[in-house]
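Protein chains in written order, with the working numbering: chain B, 1033 to 1284; chain E, 91 to 285.
For glycine and all other residues, C-beta sits at the position ideal for the given N, C-alpha and C.
What you are looking at is a predicted structure, and each value in this text was computed from that prediction instead of being measured.
Encoded as structure tokens, the structure appears first; notes follow it.
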Amino acid sequence: MVCAEVLFDDAKLFKGIVSAISAIVDEATLKVDPNEGLKLSALEPAKTAMVQLILPPDVFSEFKVESEGYYTVNFKDFEKVLKRIRGANSVKLEFMESRLVVSSIADYRKTFRLPLLVGEPFEMKSPKVEFKSRLRMDSRKLPEIVGDLKLMGSDVRIAIDNEKAVFRVESDRGESETVLTRGDPAVMDIWSDEPSESMYPLSYLDKMAGPAKVVGEVRMEISTERPMKMFYPIGGISEAGIIYYLAHISEK
Amino acid sequence: MNELEIIAEEVRRCRRCSLHKTRKNPVPGEGAEDAEIMFVGEAPGRNEDEQGKPFVGAAGEFLTELISMIGMTRDEVFITNVVKCRPPHNRDPKPEEIEACSPFLDRQIKAISPRIIVSLGRHSTSYLFRKAGLEFRSIGAVRGRIVEVEILGLSVKLLPTYHPAASLYNPAVRSKIVEDLLKLRREGTDLTKYL
């Protein structure tokens, strides 16, 4: 029996969304709700990072969901399946009692059936942080910035004020610095209630740069000695997007 | 050629035990010569023997994940095994094979002078405990506790845990390894206090 059926019109973007989750957790529970759409909130085992997904019904070209349901999906396997869907325009998901049916039609129809477990109901719970500084930027530049920083160390210090965002890595290997200033083509907006600065593990930031391949914008929010929030908006629909939280490295 | 490269070259030419007859590629180890953390496993498996690199199979993927979990990359640590050649059919290394091969590990430890050594599994833990003058009973009894020891004249912190391969068949072991490794994570990198 099909409990929910949704059609997503951009296979490439959908693959990117699933990879964004798989980068942080192997397994997570999706909430499928007739009014709220698809939602997910998962903390990785080390508790250093969290990923959330909000896909309201309007993001989908077809959204047939009768009642609220929670489904636990192995995102590593889901990602592998979606990698087999090449050139397709859309991806259809059918949530059954114990199966997730993933299908697409390009030159011919492909169908995969993944095991599905009944998930525990959850509420979207986000870290309570008052973010003081924000950067909106062209996300396509983010993987390059992270690549430059990784050359010189494993922890990045990020400082944001009203005019610029500075990413700096220092180690025995040397130093790397990237400065994004208001007015730079890569900067969409930058603002700050008070200058903020925190340090984060680069290996995580690297994973969190993944959605930049499929989404054009990223919003980064920080405060001094506090976790970071990254938001990749999807489809121009309010709230829709991939959200990451990353714990800072305490320097106290 | 630095000391680690010299050791690797000697491992490639080594005939000290019978494992050289059945190996495809010896696996000396890899990583940073100035690594702060050294991971020491037991012996190469099939994938490692094929590629000549340590921890490249499914257990290796998990190890990479664990390293990332503590905010580092494989390039920043050093990964090796007590025995550098694959025992046939992935059997446990024999005491005489450990005896013959371990001088390479000793020299790697001296060359790198790591701050922390993570011993993965009972064979590497048993060997390093012996070197540190500690009594080893079982991996289950000693895992997850960081001990400050002197090994080969160096002061190091030793963290024993299960071998990542054990987690492939037992999910409970996986969470124990994660719990153990998290002890190396820097203070403060935890989101739960904000939830």
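- For a cut-off of 8 Å, the C-beta gap from B/Lys1096 to B/Ala1043 is around 19 Å, too long to register as a contact.
- When the Cα atoms are used, E/Ala256 and B/Ser1228 turn out to be separated by approximately 44 Å.
- Contact between B/Ile1053 and B/Lys1071 fails: their C-beta atoms lie close to 12 Å from each other, not under 8 Å.
- In the displayed model, B/Tyr1236 falls within a helix according to three-state DSSP.
- Within chain B, the residues whose beta carbon sits less than 7 Å from that of E/Thr282 are Lys1079, listed in sequence order.
- About 7 Å separates the beta carbon of B/Lys1142 from that of B/Arg1116, a gap short enough to meet the 8 Å contact definition.
- Membership of E/Val117 in any alpha helix (DSSP H) is not indicated, and neither H nor E is assigned to it by DSSP.
- Unbroken alpha helix (DSSP H) runs of no fewer than 4 residues, entirely contained in the segment 204-270 of chain E, are found at 212-221, 229-232 and 254-259, following chain order.
- Proximity of chain B to E/Ser257 at the Cβ level (cut-off 7 Å) is not reached, the minimal Cβ distance being about 12 Å.
- The C-beta of B/Met1082 comes closer than 8 Å to at least one C-beta of chain E.
- Per DSSP, reduced to three states, the secondary structure at B/Phe1040 is strand.
- Taking the C-beta atoms as reference points, B/Ser1255 is found no nearer than 8 Å to E/Gly161.
- Taken through DSSP and simplified to helix, strand or coil, E/Gly150 comes out as helix.
- Three or more beta-carbon pairs separated by less than 8 Å link the segment 188-208 of chain E to the segment 227-246 of chain E, which places the two stretches in contact.
- Take E/Gly135, set aside five residues on each side of it, and the residues of its chain with a beta-carbon closer than 8 Å to its own are Gly147, Ala149, Arg176, Asn180 and Ala255, in chain order.
- For B/Gly1179, the enclosing alpha helix (DSSP H) covers residues Leu1174 to Lys1182.
- In the three-state reduction of the DSSP assignment, B/Gly1048 falls in the helix class, which pools H, G and I.
- For B/Ser1054, not one C-beta of chain E is nearer than 8 Å to its own C-beta.
- Look at the beta carbons and you see the segment 1132-1148 of chain B not touching the segment 1169-1188 of chain B: under three pairs across the two are nearer than 8 Å.
- The DSSP assignment places 1187-1192, 1196-1203, 1206-1213, 1219-1224 and 1228-1233 as complete runs of the beta strand (DSSP E) inside the segment 1185-1242 of chain B, in order along the chain (cut-off: 3 residues).
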